[in-house]
Structures are given as structure tokens and as C-alpha cells.
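Accompanying notes for the structure given below.
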Amino acid sequence: MARLYAQLCALVFLVVGVGGLAAGNAGPPAPNGGGNVGSLVLHLTWARDALDIVLLVLFAYVGFVAPRRVGRMIVGVVGVVLFALAVAGFLVGDDAAATKDVLGLHFTTALNILDLVVGVVAILAALGTVEDPEPAPRSVLRG
Numbered sequence: 855m856a857r858l859y860a861q862l863c864a865l866v867f868l869v870v871g872v873g874g875l876a877a878g879n880a881g882p883p884a885p886n887g888g889g890n891v892g893s894l895v896l897h898l899t900w901a902r903d904a905l906d907i908v909l910l911v912l913f914a915y916v917g918f919v920a921p922r923r924v925g926r927m928i929v930g931v932v933g934v935v936l937f938a939l940a941v942a943g944f945l946v947g948d949d950a951a952a953t954k955d956v957l958g959l960h961f962t963t964a965l966n967i968l969d970l971v972v973g974v975v976a977i978l979a980a981l982g983t984v985e986d987p988e989p990a991p992r993s994v995l996r997g
């Protein structure tokens, strides 16, 4: 389950990461706060874009290369980190002028919801991944 979820998230974060790089950086001197996509207020920053690219690499590794056990652990850890980021984002918030940030990250409602949904489902996918059962030992007498 974690592998399939990681493949889906790799596509999502490919779009979010590349879209964030194309949207630019939030803050001055952009008149609208920058880092927005159309009328959707995201206040994307280079730090958030870097985070999204790191998530893209992790999810791509889990989805296409990693062994099942390692992938399950990575998806679980990433889920916990994104869930914590969402909770912190709801506590800190952001304003229309993009003046509130923590470590270069703005916490708009849209990004908080994305982080919350991806984080919770990642935790559930990691918990729901079934490990392969170990093969039964073969008896010398039974062949």
C-alpha cells in the first residue's frame, strides 16, 4: 500500500514542486505577495519548493526503488512530518500580505490542507502495508 501511495504522491509533488518553482517566491517586492497560482493564495517560497522537491525524491524512491520495509518506514516518517507541519500551520497561520512565516515557510489554508491530507493518508498507508510472510522452514524429511 505504501508503494502505490508513494507513486501517487510522487506525481502530486512533481506538479506541486515544479508549479511552485514556476510561481516564484512569496514576499516583497511582488505586489500580490508572490508565490500564488492564479487566484489561489499559496505564498510559495523557495524553502517550500525545496521541501516539495525533497518529498518528490523520497516518494519516487519509495514508489519505484525501495524495498517494502524501508518504503513503509519512509512513508510513515514523511506522513508524521507532514502531519506535524499541517498542525503547526494551522496554529501559526498566514496573512494576506505574506508577512508571517516560519523558517521561510508560509502556512496558507490550502497548503495546510494538502499537508494534512497527504500526511494522514501516508501514515495510514504505512500502517496498512502488509509485510511478506516468512517462508515456512522446509523439513529435511519431507523434501
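Residue numbering for the sequence shown follows the working numbering, starting at 855 and increasing by one per position. Every residue, glycine too, gets a C-beta built ideally from N, C-alpha and C. Since the model is a prediction, treat every value here as computed from it, not as a measurement.
Looking at the unbroken alpha helix (DSSP H) that takes in residue i, where does it start and where does it end?
i, result
"Ala-914", "900–918"
"Phe-867", "856–877"
"Arg-923", "922–946"
Output yes or no for whether 9 Å exceeds the beta carbon distance between residue i and residue j.
i, j, result
"Gly-973", "Ala-920", "no"
"Val-924", "Val-911", "no"
"Leu-896", "Gly-874", "yes"
"Thr-878", "Ile-907", "The question names Thr, but residue 878 is Gly in the sequence shown. No, Cβ-Cβ distance for Gly-878 and Ile-907 is not below 9 Å."
Nearest to residue i by CA position, among the options, is which residue?
i, options, result
"Ala-942", "Gly-930, Gly-878, Tyr-915 and Thr-963", "Thr-963"
"Asp-969", "Trp-900, Ala-979 and Val-934", "Val-934"
"Leu-978", "Leu-959, Leu-936, Asp-949 and Arg-992", "Leu-936"
"Val-866", "Phe-913, Phe-918 and Arg-922", "Phe-913"
Would you call residue i buried or exposed, if buried means 16 or more other Cβ atoms sit within 10 Å of its Cβ?
i, result
"Val-929", "buried"
"Arg-902", "buried"
"Asp-948", "buried"
"Leu-981", "exposed"
"Phe-961", "buried"
Please state the DSSP three-state secondary structure of residue i.
i, result
"Leu-959", "strand"
"Asp-949", "coil"
"Gly-973", "helix"
"Leu-968", "helix"
"Val-978", "First, the residue type needs correcting, since residue 978 is Leu and not Val in the sequence shown. Leu-978 falls in the helix class under three-state DSSP."
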